[in-house]
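*Asks:* Sharing a structure here in C-alpha cells format.
2 protein chains.
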Amino acid sequence: MKVLIAEDDDRLARAVAAGLRRRHMVVDVALNGDDALDRLAATAYDVVVLDRDMPGVHGDEICRRLAADRSASRILMLTAARSVQDRVEGLGLGADDYLPKPFDFSELIARVRALARRPGLPPPGRLGFGDLAVDPERRAVTRAGRKLTLTPKEFAVLEYLLTADGRPVPAEELLLRVWDEAADPFTTTVKTTVGRLRAKLGDPPVIETVRESGYRIGG
Amino acid sequence: MKVLIAEDDDRLARAVAAGLRRRHMVVDVALNGDDALDRLAATAYDVVVLDRDMPGVHGDEICRRLAADRSASRILMLTAARSVQDRVEGLGLGADDYLPKPFDFSELIARVRALARRPGLPPPGRLGFGDLAVDPERRAVTRAGRKLTLTPKEFAVLEYLLTADGRPVPAEELLLRVWDEAADPFTTTVKTTVGRLRAKLGDPPVIETVRESGYRIGG
DNA sequence: AAACGAGGTGACAGGCAGGTGACAGCTGTC
DNA sequence: GACAGCTGTCACCTGCCTGTCACCTCGTTT
C-alpha cells in the first residue's frame, strides 16, 4: 500500500508519514506541487494526501490532472478553510475525500486507511500458495504448518508477490512499491532481500525467477 | 474497556469517571459536544455516556453521527427529563440505553457495565494462553498454577493482548485503549510496562514482539 | 570457448527499534 | 505524616535489520 503526501509544511508531512508507516504503508513525501507531480508520474500511488495550498503547482491543479489521467489513485484533500463551499469544490475537482485543517491526527489516518481499502477487494483474510500460508492481519507466515519468522521487509515482499498472483514482478516494481523514496535504484537490495526470503521459506522453492521479467510465486 | 463521558457538569463527570475507574475501566471525559466529537474521532470507545443537553454540539447530534458512522460504541444517554417521550426519542436516535436524571449512581455504573459486556462475544469467563490463565472477573492471573500479582496497568495490558487473539498490537493502540487521555504518545511507557509484565510472567515468554507491528500473545 | 551480463550469496557495518535499570512523583493507606 | 506500591521518565544498552560490496554461478551470445 503506497501513499504520497503532498504537503508543504515539513513538520506536518513528516508526522503524518511516520504515522502511516507505522501502519505498514509505504510513504513518499513531496514538499511542493512540482515535486508531487514528478512523483506521481513515476509511481502508482494508492492514495494521495494532498494539501490544497502549496507553493508551485496548486493542489487543485494536481487533482484536476489526476482526474484527467484517470489515475487509480484516490485523493484525500487537506484544506485550511472549513466551509461547505470548499468541500463541494474539492470533491468536484475529483477528490475522494476531504479533511479541513486543523484535523485530528488519527482521523486522517483512519480516512487514508478507508481510502486505501476502497477499490481493492476487501483485504484477503489469508494469502497463500501451496503449503505456504500468510495471514496479513496477524503478520504470521507458516510453511507446511511450521511457523516462520520474517522481518518486516521480507514480509512485505512476500505479501506483494502473493497479491501479484503469479505475475512476474520486476525488481524495479518491488523497489517502487515496497521500498520508499530513499531506495537507490542501482542497488542490489532487492536481490538480497529475496535471497534471504527464499532461504527462510525453504524447499521446495516458492519464488521463481523469470529472467528479465522479475520474480513470481509458483509456476 | 474504554469509556467516554460526555457531560458538561464538571462535578458529575468527575464523580462518574472516578466510579468507573474504580471498576477498572479507562475513562476519558469531554465537557462539551465538540470535545466529545474530537475524542470520538481519535479513539474507539466501548461505551459513551452521553449527556443529552450539552453546550456546543448537542447530544442528539453526536448520537446521530455515531450511528451514521456505524460506530461500534454503545451509547448510554443521560437526560434531565423523564418522560416516556424522551426515552423513545433517545433510543430512536441510536442510543442503546437511557437514564433519566437524577439517577442512582450505582445504577449508572451497572448499566455501563452491562453495555460494556453487550456486543463482544460473551465475556470470556476465562482468558488464557498455554499455562497462563486470566480471570477478568476476579482479576486473577495464574501461570502453571502459581498465582501472580499484577498491577492494574499490567493486568489491563495483558487482558488487552489476550483479547487481541494473536494479532500484534502496536504500542500506539495500547496507549489509546489501555491508557487514558493524559497519555503522552512520545513516551516509553508502554515499553516499560510490557517489560515489567514480561518479568512477572516469567519463562517461557508469552508476549512476543513483532518488529514494527507491536506485541502479541503466542503465535 | 571466451566474453558478457543477469542474477545469487556470504560477509560486514551502521542505524534504529526495542529492552532495561534507576529514579522520582503521586496516590492511597495506616 | 510516614510509608509502600504503582507509574512515568530518562539515559543507556543491545541485537536485529538492512543496504552495500565483492565475488560467484550460469546461461547466452559472438
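Top line first, the protein sequences correspond to chains A and B. Under this note's numbering, residues 1 to 219 are what the first sequence spells out, in order. Under this note's numbering, residues 1 to 219 are what the second sequence spells out, in order. Every residue, glycine too, gets a C-beta built ideally from N, C-alpha and C.
#1: Can the beta-carbon of residue 220 of chain A be found less than 8 Å from the beta-carbon of residue 135 of chain A?
#2: Assuming residue 20 of chain B and residue 75 of chain B are in contact, meaning their beta carbons sit under 8 Å apart, how far apart are those beta carbons, in whole angstroms?
#3: Consider the Cβ of residue 152 of chain A: report whether some Cβ of chain B lies at a distance smaller than 8 Å.
#4: Would residue 13 of chain B be called buried (16 or more neighbouring beta carbons within 10 Å of its own) or exposed?
#5: Can the beta-carbon of residue 71 of chain A be found closer than 8 Å to that of residue 47 of chain A?
#6: One question on the structure: do residue 220 of chain B and residue 116 of chain B come within less than 8 Å of each other, judged by their Cβ atoms?
#7: Note down the Cα distance separating residue 209 of chain A from residue 162 of chain A, rounded to an integer number of angstroms.
#8: Since residue 155 of chain B is in the alpha helix (DSSP H), which residue starts that stretch and which ends it?
#9: Please determine, among A:59, A:168, A:42 and A:174, the residue with the shortest C-alpha to C-alpha distance to residue 213 of chain A.
#10: Using a beta-carbon distance below 8 Å, is residue 138 of chain A in contact with chain B?
#11: When burial is assigned at 16 or more other CB atoms within 10 Å of the CB, is residue 95 of chain A buried or exposed?
#12: Give the interface partners of residue 170 of chain B over in chain A, defined as CB-CB distance under 7 Å, in chain order.
#13: Tell me which residues share the same chain as residue 175 of chain A and place their Cβ nearer than 7 Å to its Cβ, disregarding the 5 neighbours each side in the sequence.
#14: Where does residue 105 of chain B sit, in a helix, a strand or coil, going by DSSP?
#15: What is the residue span of the alpha helix (DSSP H) that residue 173 of chain A lies within?
#16: My guess is that residue 37 of chain A and residue 57 of chain A are in contact by the Cβ rule of under 8 Å, so how many angstroms apart are they, rounded?
#17: Hey, would you say residue 33 of chain A sits closer than 8 Å to residue 1 of chain A, going by beta carbons?
#18: Determine the closest residue to residue 205 of chain B out of B:188, B:3, B:143 and B:97, with distance taken between C-alpha atoms.
#19: Going along chain A in order, which residues have a C-beta closer than 8 Å to the C-beta of residue 211 of chain B?
#20: Assuming the contact rule is C-beta atoms closer than 8 Å, residue 52 of chain A and residue 31 of chain A should be a hit. Round their C-beta distance to whole Å, please.
#21: Could you tell me whether the Cβ atoms of residue 154 of chain B and residue 196 of chain B are closer together than 8 Å?
#22: Mapping DSSP to helix, strand and coil, what is residue 16 of chain B?
#23: Would you kindly report the start and end of the unbroken beta strand (DSSP E) that includes residue 209 of chain A?
#24: Which residues, taken in chain order from the region 166 to 197 of chain B, show a beta carbon closer than 7 Å to some beta carbon of chain A?
*Replies:* Taking the coordinates as given:
#1: What the structure shows of chain A is the stretch from 1 to 219, and residue 220 of chain A is not part of that stretch, so it cannot be assessed.
#2: 15 Å between Cβ atoms; not a contact.
#3: yes
#4: buried
#5: no
#6: Outside the displayed span of chain B (1 to 219) sits residue 220 of chain B, for which this structure offers no information.
#7: 14 Å
#8: 152 to 163
#9: A:168
#10: yes
#11: buried
#12: 22
#13: 183, 185 and 190
#14: helix
#15: 171 to 178
#16: 6 Å
#17: no
#18: B:143
#19: 151 and 152
#20: Not really, about 15 Å apart at Cβ, beyond 8 Å.
#21: yes
#22: helix
#23: 207 to 210
#24: 166, 167, 168, 170 and 172
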